[in-house]
Amino acid sequence: MQSRLDAETTPTTDAAALSAWLGSGWPVAEDWRPVTDAFWPSPPGRSLKRDILQRLAAGAVVYPLEPLRALALTPLSRVSVVILGQDPYHGPGQAEGLAFSVACGQRLPPSLRNIFRERQRDLGLPVPAHGSLRAWAERGALLLNACLTVEQGRPASHAGLGWEVLTDALVDAVARRPQPCVWMLWGAHAQAKVPRIAAARSAGGGDALVLTANHPSPLSATRPPQPFVGCGHFSRARAWLSQRGIAIDFG
Numbered sequence: 401m402q403s404r405l406d407a408e409t410t411p412t413t414d415a416a417a418l419s420a421w422l423g424s425g426w427p428v429a430e431d432w433r434p435v436t437d438a439f440w441p442s443p444p445g446r447s448l449k450r451d452i453l454q455r456l457a458a459g460a461v462v463y464p465l466e467p468l469r470a471l472a473l474t475p476l477s478r479v480s481v482v483i484l485g486q487d488p489y490h491g492p493g494q495a496e497g498l499a500f501s502v503a504c505g506q507r508l509p510p511s512l513r514n515i516f517r518e519r520q521r522d523l524g525l526p527v528p529a530h531g532s533l534r535a536w537a538e539r540g541a542l543l544l545n546a547c548l549t550v551e552q553g554r555p556a557s558h559a560g561l562g563w564e565v566l567t568d569a570l571v572d573a574v575a576r577r578p579q580p581c582v583w584m585l586w587g588a589h590a591q592a593k594v595p596r597i598a599a600a601r602s603a604g605g606g607d608a609l610v611l612t613a614n615h616p617s618p619l620s621a622t623r624p625p626q627p628f629v630g631c632g633h634f635s636r637a638r639a640w641l642s643q644r645g646i647a648i649d650f651g
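And the structure:
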């Protein structure tokens, strides 16, 4: 699927791009559309659009340009791993619409450095030359933040605007499928979704492996009760999915 950022009709400014896409909708894989199409006309969806447009009109710089990029790169039918983040990066050029991922050419944030550190320890893979996790998304890892936009220099500035209603519905959609799925829940914010995942699965969802650890932030990555560094989530996910005939590549 072609990115709107690559299209000839892309507006010339970030604010214009976001304003235009709020009006027409961001591209997502077809099997996500029942969820997103139900959200935008709802009261939370309309309120979210209004609030972001008001902030743009007031001169706020909002990231990322493609808030629903995870849904464009990872169709619902292909999700085998879910990694839940909290908020997009709020520095210029960092956020690219995928949890924990930064655009090529950007310096690795501390949490992502620890993710690559654990991946290297667990799987023996070298630290990549860039921080984009697009390849993971294209291989079936849904990299989903709870809140999908943020203002420059203001972490969590769009929390509570309505994105969480949509992302909870996306979590439900994954958990209700019959396909096996690994949930990598790093930190208390992600782990708060455990009851939601269980409730959705009770409606007929498939096998699930729920893995929990501290957040990969330097503040908690090596501390009790569940240090992120040493958790072995990548190898555990790969082995569990392989037993069910599903391959996942974190390379």
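Read in order, the letters of the sequence shown correspond to residues 401 to 651 in my numbering. Just so you know, even glycine gets a beta-carbon here, dropped at the ideal spot from N, CA and C. These numbers come from a predicted model, not from an experiment.
Give me the DSSP bridge partner(s) of N545. The residue given as residue 545 occupies position 145 in the sequence shown. Paired residue(s): G485.
Practice item. Measure the alpha-carbon distance for A637 versus N614 and round it to whole angstroms. Key: On the sequence shown, residue 637 is found 237 positions in, with the first residue counted as 1. On the sequence shown, residue 614 is found 214 positions in, with the first residue counted as 1. Rounded to whole angstroms, A637 to N614 spans 17 Å at the Cα level.
Practice item. Below 8 Å on the Cβ atoms is my guess for V482 versus M584; work out the distance and round it to an integer in Å. Key: Here residue 482 refers to the residue found at position 82 of the sequence shown. Here residue 584 refers to the residue found at position 184 of the sequence shown. Correct: roughly 7 Å between the Cβ atoms.
Start and end of the alpha helix (DSSP H) containing V594?
Here residue 594 corresponds to residue number 194 of the sequence shown, with the count starting at 1. Counting along the chain, the unbroken alpha helix (DSSP H) around V594 starts and ends at V594 to R601.
Could you give the DSSP three-state label for T409: helix, strand or coil? Within the sequence shown, numbered from 1, the residue matching residue 409 stands at position 9. Any answer about T409 is weak, because its pLDDT of 34 lies below 50 and its placement is not dependable; what the coordinates show is given next. It is coil, neither helix nor strand.
Can you list, in chain order, the residues of its chain with a C-beta nearer than 8 Å to that of E564? Leave out the 5 residues immediately preceding and following it.
Taking the first residue of the sequence shown as 1, we reach residue 564 at position 164. Excluding sequence neighbours, E564 sits near A546 and C547.
### Task
Measuring alpha carbon to alpha carbon, tell me which of A588, V502 and G651 ends up nearest R469.
Residue mapping note: residue 469 aligns to position 69 of the sequence shown, counting from 1. Residue nearest to R469 within the set A588, V502 and G651 is V502 (criterion: CA-CA distance).
For this session: Indicate the three-state DSSP secondary structure (helix, strand or coil) for A647 in the structure shown.
Result: The residue you call residue 647 lines up with position 247 of the sequence shown. Coil, per DSSP.
Q | Among V527, P467, R601 and S635, the one whose alpha carbon lies nearest that of H490 | A | Counting from one through the sequence shown, the residue named residue 490 turns up at place 90. Nearest C-alpha to H490: P467.
With a CB to CB cut of under 6 Å and the five nearest residues on each side skipped, what residues in its chain are close to F516? Counting from one through the sequence shown, the residue named residue 516 turns up at place 116. Excluding sequence neighbours, F516 sits near V527.
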